[in-house]
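The next block holds one structure in the form of structure tokens; read it before the comments.
Number of protein chains: 2
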Amino acid sequence: MTKLRIALAQINTTVGDLGGNRDKIVDLVADAKRQEVDVIAFPELAIPGYPPEDLLLKPSFVEANLAALDEVARTAVGITAIVGFVDRGDDLYNAAAVLHEGRVAAVYHKTYLPNYGVFDEERYFCRGDRPLVISCGRASVGINICEDIWYPAGPTKAQALAGAQVVINISASPYHAGKAASRERMLATRVADNVVFCAFCNMVGGQDELVFDGGSVILDERGEMVARANCFAEELLIADLDLTSVFRQQLHDPRRRKERARLVEGSVERVALPAAVSSPDRAPIVPSLAPLPDPLAEVYQALITGTRDYVRKNGFQKVVIGLSGGVDSALTAAIAAHALDAENVTCVFMPSRYSSVDSREDAEQLAHNLGIRYMSIPIDDTFQAYLDMLAGPFAGTEPNVAEENVQARIRGNILMALSNKFGWLVLTTGNKSEMSVGYATLYGDMAGGFAVIKDVPKDLVYKLSAHVNDRQGRQIIPERILIKAPTAELRPNQTDQDSLPPYPVLDGILAAYVQEDRAMDEIVAMGYDRATVADVIRMVDRTEYKRRQAPPGVKITPRAFGKDRRLPITNRYREH
Amino acid sequence: MTKLRIALAQINTTVGDLGGNRDKIVDLVADAKRQEVDVIAFPELAIPGYPPEDLLLKPSFVEANLAALDEVARTAVGITAIVGFVDRGDDLYNAAAVLHEGRVAAVYHKTYLPNYGVFDEERYFCRGDRPLVISCGRASVGINICEDIWYPAGPTKAQALAGAQVVINISASPYHAGKAASRERMLATRVADNVVFCAFCNMVGGQDELVFDGGSVILDERGEMVARANCFAEELLIADLDLTSVFRQQLHDPRRRKERARLVEGSVERVALPAAVSSPDRAPIVPSLAPLPDPLAEVYQALITGTRDYVRKNGFQKVVIGLSGGVDSALTAAIAAHALDAENVTCVFMPSRYSSVDSREDAEQLAHNLGIRYMSIPIDDTFQAYLDMLAGPFAGTEPNVAEENVQARIRGNILMALSNKFGWLVLTTGNKSEMSVGYATLYGDMAGGFAVIKDVPKDLVYKLSAHVNDRQGRQIIPERILIKAPTAELRPNQTDQDSLPPYPVLDGILAAYVQEDRAMDEIVAMGYDRATVADVIRMVDRTEYKRRQAPPGVKITPRAFGKDRRLPITNRYREH
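Protein chains in written order, with my numbering: chain A, 1392 to 1967; chain B, 1392 to 1967.
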């Protein structure tokens, strides 16, 4: 009987916090040891945090990461720990250390380096070329890293053929909506194809525009779920794996022998750990099997986690938000209040001559419902001071977007002044639909440190707002905010639809153009009016300069603005 | 006798302007044909422009680039043209097409894909693996692309061994100070090692934060300069190459035969073009041999080119600049006036209660000297309106950076209002030393579309200002601007040195830390005070969020802020 007690440490690391990450790992190694775990795994690059980006170009940083790994290694006695770190040899490697009996017993180098979407791993790392299989007592364990397991011909296959009964994959798998479910489908295919268990250990938490959802899982060789950690929370997921059946199936699979013969001898590195680690008389553990959250709850938790971690990891306690009385700032405030506690959130209503009574009432009611601090700072005198100051230069011109933007920028200045005076981080409130077409004022409503819902299309803003009310079982976001026509209130009787197509149309075109890189003809063929499609594409293309100066925000779609989408500002390409 | 008339078309393409780039190429092919050129080369990715970034992910864009190439091919009759484009097969390739007799006669795929610094080529392209040698009459010509020639073991070697007498390298080689000279040293080594001529065709012009310096050259097999185009200007550089001596040397080199035997048969693709193109009775051409500019003139021209192209390629005619009376805005205004003509530049002096008479006089004098439009918009009434508006929220606090920044942000708002009203692009004026330590106000003096001198350290700002006066032979930038102590004038008697080390010390530490990734101990060992080094590093590290929201500006150093340096905002790593 081949039994292995495995622990997946789904932790929230912080980029650059080598000491903090080390301490967290050391504590969990000790905890797992108390629970008689044989092998504990930590996420990809757990020591430096993920992604460390150009910190990797600092030799002192890589050196300090190696020192931290050594400190962890010394504590790994009587247990085997798999820890992500940056290895340095002839080059840099995205690596997994196998720590055993107080030392680094083996090292695996990531083979598949993603260099698309938000990833730049070819910028930093050299790819490894040797799959690793370690023997832990009678169990054989393959170790690989994140992207490695997404390829059918990747190291998982070689490891299974070389006799691994379980493959541990350590990951830092960035979230987008529905990612956990698609990841689990992929893992189920991978284990069934290779007749091997898989223990997938993902990190959790936010890092700039990325959020990691956790959702670590263990699947048996048929793709059945053995254990699943919660999403968006730290957890030590422990399970006892009986690998006997895998061992038997591998031995009796005739196709396997053929494939194995094709494996070049020596292409797999095998490391036998000196001592058997299993303790046969320990009490069995019942693994947790957390459910996957429903789709809206999942996105909402991603936004909470990304916001909380950006604020906290950057050393802020409190945030400030400009409330307009509209749905975007309402949802942003609700997320902030949930992520940081109501007492840490201040919202500011900044009425002008164009602000409606409804807006004020709705903003006040929202603040009251959330229990957050509410301030009202009327901007009209200051707006008048600008108009007077600019009267000379503007003489003979008609009021236009210039005067509208002055109002938005006064509000931006007020929020930044509060930030500078009191140390509050400014959260901006623009949604993805607006960001896409540039329906926002640079240095105005775009001014701030973190853009909570910048990757949330308007349609989803409404759904999430309803979700906020549903989950509380009462009206947090006032009904009127959810039903009134969106408006920027920068001129009399303005509504968003003066400048933009109706949001369902806009969001449909944007999904096709921004998300899926479809050409104009394809989008028109989907049933949209050609002139409208052309307008939307033109607005997206000409506002790249605004997005380039926007603060980061939580990525929740397969393609967010930021590292995920790198278009030139200077760009004369036009769809016809 | 093996003679070849070669033309290097050092052109300024625009990213995405497939039609415009195509037309420019077609015109020069015709021009070269009139001058009886055998082979004309265009820069890397001349059809799509460089770098096209994520436009490459749009199938319609790649398709349109192929169509444009076909249109160019039809005009290449009686001449051979080498044209950079995006090839699409099983994957995307950064490619060079050999156009001959109206069709694409051969295609080379770039082998070395840079993925460091500002480059992301692994994000888009698959690497080629077959060096290409074409026969043009009796001449054999190797073709490769940019990064390929920087590697001693790259395709140049295989091409020379396969009998190429000249290697044409088509490039888009981003500028930094001194790059042309170092590139020429590399090329001289490469030709001498391989006994081959090199014709290096570089693009010229600005693209977002990059500028390309041109400086296309032809070197003979001893590394002697045969021809050199001007830097920072379009040019059709033509030379007659007598390849006889190379042919003879290659034939009689015994070491070459040994090396050649090691070349795997079939690793080099050979394409014989159907017709001999040489015309023996044409009149010889005397090639130009432009001098390299001196170091200050070179940087100055880079800033002019980068600024002009950003403004013009983005469709702007006019710019607006906030003048403070200090050296940074003075240099920025001088560059703008030179790049765009004085009549297209408006400068705005925006005095507050803390502005000195000297500042006003110096700003006025500068505007007068440059012949640019000057406006004065006093901000004090508006500043007072802010103070009144914020009196409640700020009650009980002492004036601090919050009130200082309000002034800077009022100025930012004024410039943006003028931009919105009149369609002028705002140029910002911060230098690299300030950007490094975050000594600038987000949404204040950082507000604008293009940051002309953001990669110019303070020390170099002074040198370039002196250069502006020298090249005009008169005082453009008033003497007092060059000698007075730098100040932001945001509170009484403020100077930069209240908050920062003296600029020579600051710039020295920044060069070591930002540019060279040196650790604190190393920098202290260079002779700097430890507490000062620690202060500077702390300021750099904690202001990444500001730089992330800064506009692009011209890269002139080996490592600029922007695509060149990708640090996380959330980052707890601290040098000790």
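Every residue gets a Cβ at the ideal spot worked out from N, C-alpha and C, and that includes glycine.
For residue i, which of the options has the nearest alpha-carbon?
i	options	result
S1636/B	E1789/B, P1645/B, E1612/B, L1628/B	E1612/B
L1436/B	A1464/B, V1428/B, K1501/B	K1501/B
L1419/A	I1470/A, P1665/A, L1457/A, V1453/A	I1470/A
F1638/B	R1529/B, A1922/B, T1696/B, L1761/B	R1529/B
K1424/B	C1589/B, N1822/B, R1396/B, K1849/B	R1396/B
H1567/B	T1723/B, R1699/B, C1622/B, L1627/B	C1622/B
L1851/B	L1897/B, T1696/B, N1811/B, N1456/B	L1897/B
W1541/A	R1514/A, S1526/A, V1582/A, Y1515/A	V1582/A
Q1550/A	F1588/A, S1562/A, M1577/A	F1588/A
V1924/B	G1533/B, P1893/B, R1865/B	P1893/B
D1700/A	K1394/B, V1509/B, T1961/B	T1961/B
Y1629/B	D1429/B, Q1641/B, G1835/B, L1891/B	Per the sequence shown, residue 1629/B should be read as Ile rather than Tyr. Looking at the Cα atoms, D1429/B is the closest of the given residues.
H1729/A	H1759/A, Y1745/A, Y1691/A	Y1691/A
M1351/B	A1782/A, G1783/A, P1450/A, D1771/A	Look at the range of chain B in this structure, 1392 to 1967, and you will see that residue 1351/B is not part of it.
Would you give the residue range spanned by the alpha helix (DSSP H) that residue i belongs to?
i	result
H1643/B	1635-1643
M1766/B	Here M1766/B belongs to no alpha helix (DSSP H); instead the beta strand (DSSP E) covers 1764-1767.
R1413/A	1409-1425
H1759/B	1748-1761
L1610/A	Careful: L1610/A lies outside any alpha helix (DSSP H), inside the beta strand (DSSP E) at 1608-1610.
Y1936/B	1935-1939
L1436/B	Neither: L1436/B is in no alpha helix (DSSP H) and is coded neither H nor E.
Q1798/B	1792-1813
Where does the unbroken beta strand (DSSP E) through residue i begin, and where does it stop?
i	result
R1479/A	1471-1479
A1618/A	1616-1619
G1597/A	1595-1598
R1494/A	1494-1500
T1878/B	No beta strand (DSSP E) holds T1878/B; DSSP gives it neither H nor E.
F1740/A	1736-1740
T1819/A	1816-1819
E1660/A	1660-1663
N1485/B	1483-1491
I1712/B	1710-1714
A1432/B	1430-1432
Provide the residue(s) that pair with residue i in DSSP beta bridges, ordered along the chain.
i	result
C1527/A	A1530/A
P1686/B	DSSP output for P1686/B lists no bridge partner at all.
I1914/A	Note: I1914/A sits in no beta bridge, so no partner.
Q1401/B	E1626/B
L1444/A	Strictly speaking, residue 1444/A in this sequence is Glu, with Leu absent from that position. For E1444/A, which the question treats as bridged, DSSP gives no partner whatsoever.
V1557/A	V1532/A, F1588/A
P1565/A	F1603/A
R1396/A	D1631/A
R1956/A	G1953/A
Go ahead and label residue i buried or exposed: buried means 16 or more other beta carbons lie within 10 angstroms of its beta carbon, across all protein chains shown.
i	result
I1874/B	exposed
M1917/B	exposed
Q1708/A	exposed
L1761/A	buried
G1480/B	exposed
R1648/A	exposed
T1737/A	buried
G1519/A	buried
V1406/B	buried
L1523/B	buried
V1532/B	buried
Under the assumption that residue i contacts residue j (Cβ atoms under 8 Å), give the Cβ distance between them as a whole number of angstroms.
i	j	result
A1464/A	G1440/A	Their Cβ separation, rounded to whole angstroms, is 19 Å, which puts A1464/A and G1440/A out of contact at 8 Å.
F1813/A	P1943/A	Going by Cβ atoms, the distance from F1813/A to P1943/A rounds to 22 Å, so no, they are not a contact pair.
N1485/B	E1512/B	6 Å
M1837/B	A1941/B	6 Å
Does the beta carbon of residue i fall short of 7 Å from some heavy atom of the ligand GTP?
i	result
V1817/A	As presented, the structure is devoid of all ligands, the ligand GTP included, so that no description of it is given.
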